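Novice: Going left to right, the sequence shown walks through residues 9 to 277 as my numbering numbers them. We put the CB at the ideal spot given by N, CA and C, even for glycine. Just so you know, these numbers come straight off a predicted model, no measurement behind them.
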Amino acid sequence: MAAENDVYTLHYFPFSLYSLMVRFALVIGRRLDPETAPNVEIKLVNLHREENFSEEYLTLVNSKGQVPALTSAAFASPLAESYDISKWLCQKQPELIPEEHRETIQSLMDKLYSFHAKTLTIGSDEKKHGIPNRAAELLEQKDLAEPHRRALEIKSVFHDLRHNTVFTPSGIKDVEDKARMFIQELDKTLDEENQGQRWIFGKRPTIADAHATVMVARLMEVKRQDLLTERVQEYTRGVLASEEWYEVTHGRATRWNASMGHVADLNPL
Ligand SMILES: N[C@@H](CCC(=O)N[C@@H](CS)C(=O)NCC(=O)O)C(=O)O
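(1) Do the region 121–137 and the region 103–110 touch if we need at least three Cβ pairs shorter than 8 angstroms?
(2) Could you tell me if the beta carbon of residue 73 falls within a distance shorter than 7 angstroms of some heavy atom in ligand 2?
(3) For residue 78, which beta-bridge partners are listed by DSSP?
(4) Which complete alpha helix (DSSP H) runs does the region 171–242 hold, if anything under 4 residues is left out?
(5) What does DSSP give as the partner residue(s) for residue 52 in the beta ladder?
(6) Which residue from 218, 157, 123, 222 puts its Cα closest to that of residue 175?
(7) Please state if the CB of residue 157 and the CB of residue 169 are separated by a distance shorter than 8 angstroms.
(8) Distance, Cα to Cα, residue 40 vs residue 144?
(9) Grab me the residues of residue 60's own chain with a C-beta within less than 7 angstroms of its C-beta, minus the 5 sequence neighbours each way, in chain order.
(10) DSSP state of residue 47, grouped into three classes?
(11) How would you write the range of the alpha helix (DSSP H) that residue 31 sits in, first residue to last?
(12) Let me confirm a value: residue 243 is counted as buried when at least 16 other C-beta atoms fall within 10 Å, else exposed. Which label applies?
(13) Apart from the five residues on each side of it in sequence, which residues of its chain come closer than 7 angstroms, Cβ to Cβ, to residue 197?
(14) Is residue 65 near ligand 1, going by C-beta to nearest heavy atom under 7 angstroms?
(15) At a cut-off of 7 angstroms, would you count residue 89 as near ligand 1, judging by its Cβ distance to the nearest heavy atom?
(16) Between 66, 56, 28, which has its C-alpha nearest residue 91's C-alpha?
(17) Quick check: what's the CA-CA separation for residue 26 versus residue 201?
(18) Which full runs of the beta strand (DSSP E) of 3+ residues lie inside the region 98–164, going along the chain?
(19) Hey, out of 33, 162, 271, 100, whose CA is closest to residue 71's CA?
(20) Three-state secondary structure (DSSP) at residue 60?
(21) Which residues in the same chain as residue 96 place their Cβ atom closer than 8 angstroms to its Cβ, once the five residues preceding and following it in sequence are excluded?
(22) What first and last residue would you give for the alpha helix (DSSP H) that runs through residue 251?
(23) Spatial neighbours of residue 220 within its chain, please: CB distance less than 6 angstroms, with the 5 preceding and 5 following residues excluded, ordered by chain position.
(24) Report the rounded CA-to-CA distance for residue 212 versus residue 45, giving the unit in angstroms.
(25) Residue 208 CB to nearest chain D CB: under 8 angstroms?
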């Protein structure tokens with residue numbers, strides 16, 4: 009397939025789980041076949057500096073004020089969900105979702121996206137008091153331009169819809185149950201397919217590796233081993249030792265800590 013000329017921008021934060029999934033998929037796809045790999049530039053959206061609340065980001069990129077998002081002159085509108093970006097990538101690079109494993113990969117991906125990891129990884133303070141609605145706080149500013157005000161109102165509503173119910177005991181249990189179902193299926197697939205190799209299906213990585221390992225790496229970092237199996241952790245440790253993972257993280261953990269310095273100064277990103 010001839011390389012296309014379109015350029016895409018991935019709006020990205022290096023310590024966002026769903027951003028990392030997409031970036032890892034891009035790296036894996038390019039290594040599988042540089043010819044079919046789309047031309048994607050990585051652009052930092054510094055969540056630590058609230059760049060996702062800017063008028064420009066909210067009005068032109070993602071009204072939900074989240075990363076990742078993919079923009080391009082080739083799109084009628086941005087892709088603002090990591091799952092949509094991954095599906096788009098798989099259309100460009102079908103080698104990421106090989107036909108003989110399509111059904112299994114689809115099922116793993118659907119299970120991974122049946123819950124949001126935030127509920128499993130928040131600290132006890134956030135669990136008790138909820139995640140502050142920063143958009144609502146920013147709306148207190150007097151000198152906001154009208155389009156920015158409207159955009160922050162939308163973001164604020166999105167925040168409340170998303171976060172109001174998930175941290176109740178039954179909300180947490182629901183997410184934990186879904187996470188366990190995903191891990192169980194990953195464990196079973198590894199048992200049937202992996203045969204001691206690095207990737208889920210052996211020698212060649214797929215879109216499922218790009219997503220599953222990021223999720224499991226984060227759960228390991230926050231010590232949620234109660235949700236994991238030994239086989240799943242062993243597999244993830246193997247991927248974390250890969251060149252592909254290093255190309256994405258440059259050896260950094262999936263969560264920021266002060267020893268890494270300011271995110272704005274990370275080089276390479
Ligand atoms: N459904 C979204 C979730 C993305 C998401 O949760 N992004 C987080 C970082 S991992 C974010 O941007 N948080 C900032 C905010 O919500 O204000 C996707 O999969 O793309």
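Specialist: According to the data block:
(1) Short answer: they don't touch.
(2) Ligands in the displayed structure: ligand 1; ligand 2 is not one of them.
(3) Paired residues: 18, 87.
(4) Entirely contained in the region 171–242, the alpha helix (DSSP H) runs reaching 4 residues are, in chain order, 177–201, 215–229.
(5) According to DSSP, which records beta bridges pairwise, residue 52 is partnered with 20.
(6) With distances taken between Cα atoms, residue 175 lies closest to 123.
(7) Contact flag unset, no.
(8) So the two alpha carbons sit approximately 44 angstroms from each other.
(9) Correct list, in chain order: 53, 73, 74, 75.
(10) Note: residue 47 maps to strand in three-state DSSP.
(11) For residue 31, the enclosing alpha helix (DSSP H) covers residues 25–40.
(12) By the Cβ neighbour-count rule, residue 243 is buried, with 16 or more other Cβ atoms within 10 Å of its own.
(13) Correct list, in chain order: 112, 116, 208.
(14) Ligand 1 has no heavy atom closer than 7 angstroms to the beta-carbon of residue 65.
(15) Indeed, a heavy atom of ligand 1 lies less than 7 angstroms from the Cβ.
(16) That would be 28, whose Cα lies nearest to the Cα of residue 91.
(17) Taking the straight line joining both Cα atoms gives about 25 angstroms.
(18) Within the region 98–164, no run of beta strand (DSSP E) at least 3 residues long lies entirely inside it.
(19) Looking only at 33, 162, 271, 100, the smallest Cα-Cα distance to residue 71 is reached by 162.
(20) In this structure, residue 60 counts as helix in the three-state DSSP scheme.
(21) Hits under 8 angstroms: 78, 87.
(22) For residue 251, the uninterrupted alpha helix (DSSP H) segment begins and ends at 251–257.
(23) Cβ contact annotation for residue 220 (same chain, cutoff 6 angstroms, sequence separation greater than five): 194, in chain order.
(24) About 16 angstroms.
(25) The chain labelled as chain D is not found in the depicted structure, where only one protein chain is given.
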